[in-house]
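Structure first, then comments.
2 protein chains.
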Amino acid sequence: MDTAEYQHFAWLARSFGRTDYLPLAPGDLEALAAAGSYVDKYPGTHLFKEGGESTGAFVVERGEVELYRTRTVGRRVVGRVRSGAVIGDIAMFQGHPYISSAKAITAVRAFRLERNRLLPLLIERPIIAIRWLVAGLSQLEATQQRVIRLMHRTVREQVAEVLLDEADPFGEVHLSQSSLADLLGASRQSINEALAAMRHSGSIETGYRVVRVLDADKLRFVAGRSVDP
Amino acid sequence: MDTAEYQHFAWLARSFGRTDYLPLAPGDLEALAAAGSYVDKYPGTHLFKEGGESTGAFVVERGEVELYRTRTVGRRVVGRVRSGAVIGDIAMFQGHPYISSAKAITAVRAFRLERNRLLPLLIERPIIAIRWLVAGLSQLEATQQRVIRLMHRTVREQVAEVLLDEADPFGEVHLSQSSLADLLGASRQSINEALAAMRHSGSIETGYRVVRVLDADKLRFVAGRSVDP
DNA sequence: CCGAAATTGTCACCGCCACGACGAACAGCG
DNA sequence: CGCTGTTCGTCGTGGCGGTGACAATTTCGG
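Protein sequence lines, in the order shown, are assigned to chains A and B. Each number in this note's numbering corresponds to the 1-based position in the first sequence with 11 added. Each number in this note's numbering corresponds to the 1-based position in the second sequence with 11 added.
See below:
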């Protein structure tokens, strides 16, 4: 196996959780790779739409994807995911239409797993099924925790929380205030006010389409999780 | 196989989703039944507690269980489940401590699956693993949808929603107004006001520790899902 | 360099709901 | 039957945050 191919498999392995938990058998990853193919998406285009027939799942390799649900009035952003996330698998396994829409925010490269090819494969290789089980449950549980952490809290607390979540390694959050408002289901004005308060206290810096986290501890305090992690 | 035993297996099968989707092989259910045993819980006692070591999962056969998470201040009710629900499996599979606490509201009979005995079994019988995957994802997805339906809505809408969810076959909800408030993370007074409004409009009747749904359609309208199901 | 579009910063207004408080109605028990 | 704890009904008061409106600033294409 050449280096590029090996790295590809390694990446696929990371996407499915802890490798030390239940080691994959040799050939498992190659088999999984054979059950699908790569797709590229431009910013603004959809990987899948709510209500559409769920014929496959996607493993995001590069870029950022926004998951949202449309409601009678407006839309609710369920989450944002980056490389390593597996999306659309829930609907695919259930055989129901997609629960949410997935839109590419940046240029996205993803590995699309075909339902038809995947199911026989999983029966043949139970380890992958179990690993997927664990990974799928973990991800859903994480979003659920996130939602619970945000419920019934002031906008200020929510903003602090989401800034900690979304900050890149440099402590920067590249989102417009409108996007932040969208993500939290709050109004842009409230977001602005919350950011202003944090800016005055010196915990962040704001710019055009960017927020820089200067003091993460101070933010954690604002978010109300200074004591309990 | 005698009748009682057959019914037991049939119940276990229902708990793990649609049987027509991926038919269980003969012996699968018997094997699953051998991986655990029954436990009985009195009202108010815990099946497991948040942070406790997750050594097993529970399949609720009878009674009602409340799932909640304790926070820095107070607690948040994550959900209520009845017969057929599988709980504690997420933490068990991940090998992490339990994410939430599970308390018996009524007398509860549940089937406890042992982690140690279950994992080898799943590797041996992949069908069960896949079925579990589907069932687990479905349940988590359902709670997530419920939370999203409740987010950023008025107390009135939320109350209408939860009444439709929790009503028994006779259209009765046996919960005190405090419990409803707890379930929604709202104050008891607001619940009372919302119920009063619905009572005046003739869609419900209220009593001591009970709410009777008289006009479900009217409630659905209040909940804001008159048009879209 | 200039104008359009997007984004940010601020303001006043107002509705919803948490909080505290209090009395009335109800269930259970000695 | 009377006592006690629980639950229900209903007030103010105050604050958070949504809405609409408008100016200032930044980005980007021509």
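Cβ coordinates follow ideal geometry from the N, Cα and C atoms, glycine included.
Exposed unless 16 or more other CB atoms sit within 10 angstroms - verdict on Lys60 (chain B) | Residue mapping note: residue 60 (chain B) aligns to position 49 of the second sequence, counting from 1. Burial call: exposed.
Chain-ordered chain B contacts of Arg157 (chain A) [CB-CB under 7 Å] = Working through the first sequence from its first residue, we reach residue 157 (chain A) at position 146. Going along chain B, no residue has its Cβ under 7 Å from Arg157 (chain A), so there is no contact; the nearest lies around 10 Å.
Can you name the residues of chain B whose CB is closer than 7 Å to the CB of Ile245 (chain A)?
-> With chain A covering only 12 through 240, there is no way to say anything about residue 245 (chain A).
Within 10 angstroms of the Cβ of Val242 (chain B), are there 16 or more other Cβ atoms? Answer buried if so, exposed if not.
-> With chain B represented from 12 up to 240, any question about residue 242 (chain B) goes unanswered, as that position is not in the structure.
Sub-8 Å separation of Val50 (chain A) and Arg123 (chain A) beta-carbons | Position 39 of the first sequence, counted from the start, is the residue given in the question as residue 50 (chain A). Position 112 of the first sequence, counted from the start, is the residue given in the question as residue 123 (chain A). Cβ atoms of Val50 (chain A) and Arg123 (chain A): closer than 8 Å.
When the Cα atoms are used, what is the spatial distance from Phe104 (chain A) to Val158 (chain A)?
-> The count along the first sequence starts at 1 and reaches residue 104 (chain A) at position 93. The count along the first sequence starts at 1 and reaches residue 158 (chain A) at position 147. Straight-line Cα distance between these residues: approximately 23 Å.
Contact with chain B by Trp143 (chain A), beta-carbon distance below 8 Å = Taking the first residue of the first sequence as 1, we reach residue 143 (chain A) at position 132. Answer yes: the Cβ-Cβ gap between Trp143 (chain A) and chain B drops below 8 Å somewhere.
Asp239 (chain A) versus Thr83 (chain B) - alpha carbon distance = Position 228 of the first sequence, counted from the start, is the residue given in the question as residue 239 (chain A). Position 72 of the second sequence, counted from the start, is the residue given in the question as residue 83 (chain B). Summary for Asp239 (chain A): the model assigns pLDDT 44, below 50, so the residue's position carries little reliability; its value from the coordinates is reported in the next sentence. Approximately 7 Å between the Cα atoms of the pair.
From the DSSP output, in three-state form, read off Phe20 (chain A) for me.
-> What you label residue 20 (chain A) is simply residue 9 of the first sequence in a count that begins at 1. Three-state result, Phe20 (chain A): helix.
Taking Thr117 (chain A) as the reference, which of A:Ser48, A:His211, A:Glu77 and A:Ser198 has the closest Cα?
-> Taking the first residue of the first sequence as position 1, residue 117 (chain A) is located at position 106. Comparing Cα positions, the closest option is A:Glu77.
Could you run through the stretch 102-118 of chain B and flag, in chain order, every residue whose CB is less than 8 Å away from some CB of chain A?
-> Result list: Phe104, Gln105, Gly106 and Ile110.
Rank B:Ala205, B:Glu125 and B:Ser65 by C-alpha distance to the C-alpha of Gly106 (chain B) and give the top, closest one.
-> In the second sequence, counting from the first residue as 1, residue 106 (chain B) sits at position 95. Closest in C-alpha terms to Gly106 (chain B), from the list B:Ala205, B:Glu125 and B:Ser65, comes B:Ser65.
Do Ser201 (chain A) and Val233 (chain A) have their C-beta atoms within less than 8 Å of each other?
-> Numbered from 1 along the first sequence, position 190 holds the residue referred to as residue 201 (chain A). Numbered from 1 along the first sequence, position 222 holds the residue referred to as residue 233 (chain A). Not closer than 8 Å, so no.
Going by the beta-carbon positions, is the gap between Gly95 (chain B) and Phe69 (chain B) smaller than 8 Å?
-> In the second sequence, the residue the question calls residue 95 (chain B) occupies position 84. In the second sequence, the residue the question calls residue 69 (chain B) occupies position 58. Taking a C-beta distance under 8 Å as the contact criterion, Gly95 (chain B) and Phe69 (chain B) do not qualify as a contact pair.
With a cut-off of 8 Å, does the C-beta of Lys229 (chain A) fall near any C-beta of chain B?
-> The residue labelled residue 229 (chain A) in the question sits at position 218 within the first sequence. Output row for Lys229 (chain A): interface = no.
In the DSSP assignment, what are the bridge partners of Ile98 (chain A)?
-> By one-based count along the first sequence, residue 98 (chain A) stands at place 87. Listed as beta-bridge partners of Ile98 (chain A) by DSSP are A:Phe69.
What are the boundary residues of the alpha helix (DSSP H) that Asp193 (chain B) is part of?
-> Position 182 of the second sequence, counted from the first residue, corresponds to residue 193 (chain B). Here the alpha helix (DSSP H) through Asp193 (chain B) covers Gln188 to Leu195.
State yes or no: is the C-beta of Leu194 (chain A) within less than 8 Å of the C-beta of Ala140 (chain B)?
-> Looking up residue 194 (chain A) in the first sequence gives position 183. Looking up residue 140 (chain B) in the second sequence gives position 129. Their beta carbons are not under 8 Å apart, which means Leu194 (chain A) does not touch Ala140 (chain B) by this criterion.
If you scan the stretch 89-168 of chain A from start to end, which runs of the beta strand (DSSP E) of 3 or more residues do you find wholly inside it?
-> Counting only runs of 3 or more, we get 112-115 and 119-125.
Test: Pro137 (chain B) CB closer than 8 Å to a CB of chain A | For the purposes of this step, residue 137 (chain B) is taken as residue 126 along the second sequence, with counting starting at 1. Pro137 (chain B) has a beta carbon lying within less than 8 Å of a beta carbon in chain A.
Just how far apart, CA to CA, sit Arg164 (chain A) and Pro108 (chain A)?
-> Within the first sequence, numbered from 1, the residue matching residue 164 (chain A) stands at position 153. Within the first sequence, numbered from 1, the residue matching residue 108 (chain A) stands at position 97. Going by the C-alpha atoms only, they are around 32 Å apart.
Once you ignore the five residues that flank Ser112 (chain A) on each side, which residues in its own chain have a CB closer than 8 Å to its CB?
-> The residue you call residue 112 (chain A) lines up with position 101 of the first sequence. Counting only Cβ-Cβ distances below 8 Å, and skipping sequence neighbours, we find His57, Phe59, Lys60, Glu61, Leu78, Tyr79, Arg80 and Thr81.
Spatial distance of Ala21 (chain A) from Leu40 (chain A) (CA atoms) = Walking along the first sequence from the start, residue 21 (chain A) turns up at place 10. Walking along the first sequence from the start, residue 40 (chain A) turns up at place 29. One C-alpha to the other measures close to 9 Å.
Leu230 (chain B) to Gln18 (chain B), Cα distance in whole Å?
-> Residue 230 (chain B) sits at position 219 when you count from the first residue of the second sequence. Residue 18 (chain B) sits at position 7 when you count from the first residue of the second sequence. Rounded to whole angstroms, the separation of the alpha carbons of Gln18 (chain B) and Leu230 (chain B) is 37 Å.
Inspect the beta-carbon positions of Gly67 (chain A) and Ile101 (chain A) and report whether they are closer than 8 Å.
-> Against the first sequence, residue 67 (chain A) aligns to sequence position 56. Against the first sequence, residue 101 (chain A) aligns to sequence position 90. The answer is no: Cβ separation not under 8 Å.
Give me the Cα-Cα distance between Glu135 (chain A) and Arg91 (chain B), rounded to the nearest whole angstrom.
-> Residue numbering aside, residue 135 (chain A) sits at position 124 when the first sequence is read from its first letter. Residue numbering aside, residue 91 (chain B) sits at position 80 when the second sequence is read from its first letter. Going by the C-alpha atoms only, they are around 36 Å apart.
By the 10 Å Cβ neighbour count, where 16 or more other Cβ atoms means buried, how is Pro137 (chain A) classified, buried or exposed?
-> If you number the first sequence from 1, residue 137 (chain A) lands on position 126. That one is buried.
In angstroms with no decimal places, state the Cα-to-Cα distance between Ser190 (chain A) and Ser198 (chain A).
-> For the purposes of this step, residue 190 (chain A) is taken as the residue at position 179 of the first sequence. For the purposes of this step, residue 198 (chain A) is taken as the residue at position 187 of the first sequence. So the two alpha carbons sit approximately 10 Å from each other.
Who are the Cβ neighbours of Ala46 (chain B) in its own chain at under 7 Å, not counting the five residues just before and after it?
-> To locate residue 46 (chain B), count along the second sequence from 1; it is residue 35. Excluding its 5 nearest sequence neighbours in each direction, Ala46 (chain B) has C-beta neighbours in its own chain below 7 Å: Leu124, Glu125, Arg128, Leu129 and Leu132, listed in chain order.
Arg73 (chain B) burial status per 10 Å Cβ neighbour count (16 or more: buried) = By one-based count along the second sequence, residue 73 (chain B) stands at place 62. With fewer than 16 Cβ atoms within 10 Å of its Cβ, Arg73 (chain B) is classed as exposed.
Determine the chain A residues that contact His163 (chain B) at a beta-carbon separation under 7 Å, and present them in chain order.
-> Position 152 of the second sequence, counted from the first residue, corresponds to residue 163 (chain B). Those within 7 Å of His163 (chain B) in chain A are Gly196.
Are the beta-carbon atoms belonging to Ala178 (chain B) and Val170 (chain B) less than 8 Å from one another?
-> Indexing the second sequence from 1 puts residue 178 (chain B) at position 167. Indexing the second sequence from 1 puts residue 170 (chain B) at position 159. Contact flag unset, no.
Could you spell out the range, first to last residue, of the alpha helix (DSSP H) harbouring Ser201 (chain A)?
-> Start at 1 with the first residue of the first sequence, and residue 201 (chain A) comes out as number 190. Element bounds for Ser201 (chain A): Arg199 to His211.
Flag Val158 (chain A) as yes when its Cβ comes closer than 7 Å to any non-hydrogen atom of the ligand MN, and as no otherwise.
-> Among the components of this structure there are no ligands whatsoever, and the ligand MN is therefore not found.
Buried or exposed: which applies to Val224 (chain B), given that a residue is buried once 16 or more other Cβ atoms fall within 10 Å of its Cβ?
-> The residue labelled residue 224 (chain B) in the question sits at position 213 within the second sequence. Looking at its Cβ environment, which holds 16 or more other Cβ atoms inside 10 Å, Val224 (chain B) is buried.
Of all the options A:Gly55, A:Leu161, A:Ala207 and A:Leu23, which has the alpha carbon lying nearest to the alpha carbon of Ala44 (chain A)?
-> As a working mapping, residue 44 (chain A) is identified with position 33 in the first sequence. Per the Cα distances, A:Leu23.
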